[in-house]
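Protein sequence lines correspond, in order, to chains X and L.
Residue numbering for the first sequence follows UniProt numbering, starting at 1 and increasing by one per position.
Residue numbering for the second sequence follows UniProt numbering, starting at 1 and increasing by one per position.
Where a beta carbon is used, it is the ideal one built from N, C-alpha and C, also for glycine.
2 protein chains.
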Amino acid sequence: MEKKKNISMAVIKRLPKYHRYLNELLKNDVDRISSKELGEKIGFTASQIRQDLNCFGDFGQQGYGYNVRELSSKISTILGLDNVHNGVIVGAGNIGQAIANYTRFGKMSFDLKGIFDANPKLIGIKIRDISIEDIDDLDKFLANNKIDIGVVCVPRINAQKVCDVLVAGGIKAIWNFAPVDLVVPDDVIVENVHLSESLLTLIYLLHNK
Amino acid sequence: MEKKKNISMAVIKRLPKYHRYLNELLKNDVDRISSKELGEKIGFTASQIRQDLNCFGDFGQQGYGYNVRELSSKISTILGLDNVHNGVIVGAGNIGQAIANYTRFGKMSFDLKGIFDANPKLIGIKIRDISIEDIDDLDKFLANNKIDIGVVCVPRINAQKVCDVLVAGGIKAIWNFAPVDLVVPDDVIVENVHLSESLLTLIYLLHNK
């Protein structure tokens with residue numbers, strides 16, 4: 001466990017990529033792979049891969065490479081995917097609905113338990129068997145259900161307020177799609193998906209190749 | 001112009017954030033701001049801000065700070081936002097429709113010109129006055145229209161094929177939402193939004209705080 005404390009965000013950010021590539025190998029019935037071959041697929045060097053995976057334990061054997069099923073399963077465990085994570089989506093606009101409809105997240109241990117919105121026209125509409133509820137009932141819902149992840153899909157102007165309700169309700173992980181930097185206590189994690197910033201980066205690079 | 005070549009991706013990735021905060025200041029009628037104040041807002045140090053902005057030119061004056069309107073306008077120009085960028089969305093599923101409906105991107109010089117899908121049930125449906133067209137007509141559309149940005153929102157398995165059509169059609173900037181690493185020629189830029197990887201990062205951090 002001591003080791004974990006020194007893992008850099010750069011390594012952590014690469015873990016989901018390992019997870020994705022190993023799952024693909026599994027689907028294609030690949031049993032084992034060398035760090036060199038895995039590196040060629042992902043676009044990392046073999047030594048980078050060995051270094052990354054060494055952060056989490058002793059994987060692979062010299063001359064044999066990695067057992068794909070074993071490595072994939074260990075990375076799933078490291079990522080925390082052996083547990084189920086209950087989530088709520090707040091804001092059932094374009095992005096909120098898209099996230100709610102994205103069944104792929106279910107495979108990633110994300111279990112959607114509730115969707116909330118302030119718009120009376122949306123309240124009561126079902127998305128994948130979940131009725132959109134009144135945002136005013138969010139605090140009550142959080143008090144009565146164990147929710148791990150709050151997905152913030154409301155407009156910028158309401159995002160901090162929603163975030164505060166989620167945090168007050170005991171949520172420790174916030175997946176934020178609003179174009180704003182949320183202020184949270186130290187023990188709450190925020191992962192941002194800032195689509196506008198992503199688009200602006202692309203446009204910048206297009207102009208400055 | 002010589003300066004630009006040395007700008008790191010880390011600085012480039014921060015530019016959209018400057019853009020966002022400066023626009024907010026403008027909206028709140030703030031005329032000028034010191035690097036210290038700006039830093040406190042964004043969460044960077046004052047020296048980081050001075051260093052970043054110095055990459056692009058001489059902004060700000062000692063003792064006065066930055067003229068917000070001027071700096072915001074210069075950053076817009078640096079980002080390439082003085083030009084209009086025509087875009088197509090390929091894949092009108094959950095994410096594709098969400099992007100198509102997101103009017104905010106229009107303010108970022110992104111002008112949506114076409115939406116394409118393979119699903120006959122979707123073809124002909126209008127999103128914000130744009131009819132979804134048959135994906136088989138994408139190459140023809142690209143031949144007849146000047147398109148700068150291709151947004152890939154198709155399932156993983158079709159993403160590379162769609163990407164190849166976009167590249168063959170002359171597109172140099174791809175905004176990729178499919179959970180796959182696209183292979184493109186050197187002169188084509190890919191900006192990925194890998195939602196699954198973002199969620200996995202959040203779950204990892206929740207388990208390893």
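Sheet register partners of residue i (DSSP bridge)
i, result
"residue 126(X)", "131(X)"
"residue 66(X)", "33(X)"
"residue 111(X)", "86(X)"
"residue 116(X)", "90(X), 133(X)"
Coarse secondary structure for residue i, derived from DSSP in three states
i, result
"residue 19(X)", "helix"
"residue 91(X)", "coil"
"residue 173(X)", "strand"
"residue 52(X)", "helix"
"residue 59(L)", "coil"
"residue 178(X)", "coil"
"residue 26(L)", "helix"
"residue 4(L)", "Because the pLDDT of residue 4(L) is 48, which lies under 50, any placement of that residue in the model is unreliable, and the number read from its coordinates should be weighed accordingly. In this structure, residue 4(L) counts as helix in the three-state DSSP scheme."
"residue 102(X)", "coil"
"residue 80(X)", "coil"
"residue 121(L)", "coil"
"residue 45(L)", "coil"
"residue 74(L)", "helix"
"residue 13(L)", "helix"
Unbroken alpha helix (DSSP H) run spanning residue i, endpoints
i, result
"residue 139(L)", "138-144"
"residue 194(X)", "No alpha helix (DSSP H) holds residue 194(X); DSSP gives it neither H nor E."
"residue 184(L)", "Careful: residue 184(L) lies outside any alpha helix (DSSP H) and carries neither H nor E."
"residue 167(X)", "156-168"
"residue 149(X)", "It is not in any alpha helix (DSSP H) - residue 149(X) instead sits in the beta strand (DSSP E) that spans 149-152."
Nearest to residue i (by Cα), restricted to the options the options
i, options, result
"residue 118(X)", "54(X), 91(X), 146(X)", "91(X)"
"residue 170(X)", "146(X), 160(X), 180(X)", "146(X)"
"residue 74(L)", "99(L), 56(L), 65(L)", "56(L)"
"residue 36(L)", "60(L), 160(L), 107(L)", "60(L)"
"residue 110(L)", "198(L), 178(L), 84(L), 205(L)", "84(L)"
"residue 19(L)", "62(L), 80(L), 7(L), 9(L)", "80(L)"
"residue 199(X)", "93(L), 184(L), 99(L)", "99(L)"
"residue 128(L)", "106(L), 7(L), 168(L)", "106(L)"
"residue 183(X)", "195(X), 161(X), 193(X), 196(X)", "161(X)"
"residue 94(X)", "9(X), 155(X), 144(X)", "155(X)"
"residue 97(X)", "195(X), 40(X), 130(X)", "130(X)"
"residue 279(L)", "135(L), 157(L), 175(L), 144(L)", "Only positions 1 to 209 of chain L appear in this structure, which leaves residue 279(L) out of reach."
"residue 196(L)", "28(X), 196(X), 125(X), 175(X)", "175(X)"
"residue 203(X)", "205(L), 45(L), 144(L), 150(L)", "150(L)"
Separation of residue j from residue i, as counted between CA atoms
i, j, result
"residue 23(L)", "residue 32(L)", "12 Å"
"residue 68(X)", "residue 67(L)", "56 Å"
"residue 89(L)", "residue 102(X)", "18 Å"
"residue 86(L)", "residue 172(L)", "12 Å"
"residue 15(L)", "residue 201(X)", "8 Å"
"residue 1(X)", "residue 113(X)", "Unreliable placement is indicated for residue 1(X), whose pLDDT of 40 sits below 50; the coordinate value is still reported in the next sentence. Each residue's Cα considered, the two are about 32 Å apart."
"residue 239(X)", "residue 42(X)", "This structure gives no information on residue 239(X), because the portion of chain X shown stretches from 1 to 209."
"residue 186(L)", "residue 209(X)", "10 Å"
"residue 11(X)", "residue 52(X)", "6 Å"
"residue 71(X)", "residue 78(L)", "44 Å"
"residue 54(L)", "residue 47(L)", "10 Å"
"residue 142(L)", "residue 148(L)", "10 Å"
"residue 21(X)", "residue 38(X)", "8 Å"
"residue 4(L)", "residue 178(X)", "At residue 4(L), the pLDDT of 48 sits below 50, so the modelled position is not reliable and the matter cannot be decided from this model."
"residue 133(X)", "residue 139(X)", "12 Å"
"residue 190(L)", "residue 13(L)", "14 Å"
"residue 65(L)", "residue 34(X)", "55 Å"
"residue 82(L)", "residue 108(L)", "9 Å"
"residue 153(X)", "residue 26(X)", "34 Å"
"residue 63(X)", "residue 30(X)", "17 Å"
"residue 58(X)", "residue 163(L)", "38 Å"
"residue 7(L)", "residue 181(L)", "24 Å"
"residue 207(L)", "residue 188(L)", "37 Å"
"residue 116(L)", "residue 123(L)", "8 Å"
"residue 193(L)", "residue 120(X)", "31 Å"
"residue 49(L)", "residue 9(L)", "15 Å"
"residue 44(L)", "residue 126(L)", "43 Å"
"residue 28(L)", "residue 168(X)", "29 Å"
"residue 104(L)", "residue 158(X)", "16 Å"
"residue 205(X)", "residue 137(X)", "44 Å"
"residue 40(L)", "residue 40(X)", "42 Å"
"residue 144(X)", "residue 76(L)", "47 Å"
Beta-carbon neighbours of residue i, restricted to chain A and to distances below 8 Å
i, result
"residue 102(X)", "The structure shown contains no chain A; the protein chains it does contain are X and L."
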